[in-house]
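Engineer: The sequence shown begins at 1246 in this note's numbering and counts up by one. C-beta: ideal position from N, C-alpha, C; glycine also.
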Amino acid sequence: MTVHRVAVLALDGVIPLDLAIPTQIFTARPETPYEMAVCALDAKVATTAGFALVAGGGLEQVRGADTVIVPGYEPLLPLPEAVLGTLAEAHDRGKRVVSICTGAFALAAAGVLDGLHATTHWKHIDEFERDFPAVMVDRDVLYVDEGDVLTSAGVCCGIDLCLHLVRRDLGAVVANEIARGLVAAPHRDGGQAQYVPAPVAAAGEASLSGTRGWALHRLGEPLTLRVLARHAGLSQRTFMRRFTEETGTTPLQWLLNARLSRARELLETTDHSVDRVARDCGLGTAANLRLHFRRALGTTPTAYRRTFGRSTSHSPACSPAGPRSD
């Protein structure tokens, strides 16, 4: 595999959990091409948790990276020109530039986000929108993918974004395997709401995780809102409300995302026809599968299989844009 260099740029006041996410996901593994380094302007970096860390790389390594990731940091003070210039240079050279949480403030200050859609932690979204009017702020999403520029909301959304990058680079099977190692959900679509008003079940109510697990084992069946609600023992209206409160998305959108994820795994790991993949994942016909693949991934099932299928003679090299060909 072609080596893909990932530089995680730790700014002063870096949030340790935000920093840990990309360092864990992009650490070297036999099945991935990533070569990851923590970099900083100065070797010693203060964190929000009261301890300091020592970075192994400097801005020169950031300049040589294929992907630059900026974790969240606080307080959101003006950054040194050397840092802003390095981020702007990485973007100008077509490198992939990514932020987690308030790391979006650094990208915006460097001009990387001008004219693009972006997001950040919901607690800072008003400040972000006010300070950077040239950025089109998406307030209620987990992450935003603008091709070679990606931003995520707070903390756990960084896991979703980093797994999304792995999925784009190497396919669903590798991304799901890393997710299992992290005991994380294998895929949450970026369009889900980042702030869920009731993230845990209210007293006396049971979580709908059992129904979601049941559905994941029956994706090839005709699962409707009525079927899901019946399994949960709820009215359709109550089920819809509870499901959206727990997941930040609707049952049918969640089901579509699950079916697309299953289709990606089948295309990667089997030689089944596109028609059979469509049936097995619950999307019915090859035409319907192609339609949703085009909408969600900007490619076709056949092109996706050529890039990530098990019969591919060599592992796909990571590129900022991921699989976008027809």
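Report the three-state DSSP secondary structure of Val1611 (helix, strand or coil).
Structural biologist: With the chain covering only 1246 through 1571, there is no way to say anything about residue 1611.
Engineer: Three-state secondary structure (DSSP) at Leu1473?
Structural biologist: Helix at Leu1473.
Engineer: Quick one: which unbroken beta strand (DSSP E) runs of 3-plus residues sit fully inside the region 1283 to 1352? Chain order, please.
Structural biologist: 1289 to 1291, 1297 to 1299, 1312 to 1315, 1341 to 1344
Engineer: Would the beta-carbon of Ala1317 fall within 8 Å of that of Ile1270?
Structural biologist: As written in the sequence, residue 1317 is Gly, which differs from the Ala given in the question. For Gly1317 and Ile1270, no; Cβs fall outside 8 Å.
Engineer: What ranges does the alpha helix (DSSP H) occupy inside the region 1372 to 1422, keeping only unbroken runs of at least 4 residues that lie completely in it?
Structural biologist: Runs of the alpha helix (DSSP H) spanning 4 or more residues and lying entirely within the region 1372 to 1422 occur at 1401 to 1415, in chain order.
Engineer: Verify whether the separation of the beta carbon atoms of Asp1263 and Val1400 is less than 8 Å.
Structural biologist: yes
Engineer: Do you know whose CA, among Tyr1388, Thr1396, Ile1345, Arg1375, lies nearest Leu1358's CA?
Structural biologist: Checked all of Tyr1388, Thr1396, Ile1345, Arg1375; the closest Cα to Leu1358 is Thr1396.
Engineer: Could you tell me whether the Cβ atoms of Asp1311 and Arg1250 are closer together than 8 Å?
Structural biologist: Taking 8 Å as the Cβ cut-off, Asp1311 and Arg1250 qualify as a contacting pair.
Engineer: Could you check what DSSP says for Gln1437 in three-state terms: helix, strand or coil?
Structural biologist: For Gln1437, the predicted model reports a pLDDT of 44, less than 50, meaning its position is unreliable; a value from the coordinates is still stated below. In this structure, Gln1437 counts as coil in the three-state DSSP scheme.
Engineer: To the nearest angstrom, how far is the alpha carbon of Leu1298 from that of Ala1252?
Structural biologist: 16 Å
Engineer: By DSSP, does Glu1280 sit in helix, in strand, or in coil?
Structural biologist: strand
Engineer: For Val1389 versus His1369, is the C-beta distance shorter than 8 Å?
Structural biologist: no
Engineer: I need the boundaries of the beta strand (DSSP E) containing Arg1250, first residue and last residue.
Structural biologist: 1249 to 1254
Engineer: Given that a residue counts as buried once 16 or more other Cβ atoms are within 10 Å of its Cβ, and exposed if not, what is Phe1296?
Structural biologist: exposed
Engineer: What residues in its chain sit with their C-beta under 7 Å from that of Val1290, if we drop five residues either side in the sequence?
Structural biologist: Ala1255, Asp1257, Val1259, Ala1297, Leu1298, Ala1300
Engineer: Can you give me the C-alpha to C-alpha distance between Thr1364 and Cys1407, rounded to a whole angstrom?
Structural biologist: 15 Å
Engineer: Could you tell me which residues DSSP puts in a beta bridge with Val1259?
Structural biologist: The bridge partners DSSP lists for Val1259 are Thr1292, Tyr1318.
Engineer: At what residues does the alpha helix (DSSP H) containing Ala1541 begin and finish?
Structural biologist: 1531 to 1542
Engineer: Residue range of the alpha helix (DSSP H) that Asp1516 falls in?
Structural biologist: Premise fails: Asp1516 is in no alpha helix (DSSP H) and is neither H nor E.
Engineer: Using a Cβ-Cβ cutoff of less than 6 Å, which residues in the same chain neighbour Phe1377 once the five nearest sequence positions on both sides are dropped?
Structural biologist: Ala1353
Engineer: Over what stretch of residues does the alpha helix (DSSP H) that includes Glu1490 continue unbroken?
Structural biologist: 1481 to 1492
Engineer: Taking Val1315 as the reference, which of Gly1416, Val1342, Ser1480, Leu1324 has the closest Cα?
Structural biologist: Val1342
Engineer: Quick check: Leu1304 and Thr1347, are their CB atoms within less than 8 Å of each other?
Structural biologist: no
Engineer: For my contact list, Glu1466 and Gly1527 are in at a C-beta cut-off of 8 Å; report their separation, rounded to the angstrom.
Structural biologist: Sure, about 7 Å apart at Cβ, within 8 Å.
Engineer: Thinking Gly1356 and Ala1327 are a contact (beta carbons under 8 Å), I'd like their distance in whole angstroms, please.
Structural biologist: Contact doesn't hold; Cβ gap of about 15 Å is too wide.
Engineer: Tell me the rounded alpha-carbon separation between Leu1536 and His1517.
Structural biologist: Their backbone Cα atoms lie some 18 Å apart in a straight line.
Engineer: Measure the beta-carbon distance from Val1418 to Glu1280 and round it to whole angstroms, keeping in mind my assumption that it falls under 8 Å.
Structural biologist: Not quite, the Cβ-Cβ distance comes to about 21 Å (not below 8 Å), so this is no contact.
Engineer: If you draw a straight line from the alpha carbon of Leu1501 to that of Trp1459, how long is it in whole angstroms?
Structural biologist: Looking at the backbone, the Cα of Leu1501 and that of Trp1459 are separated by about 15 Å.
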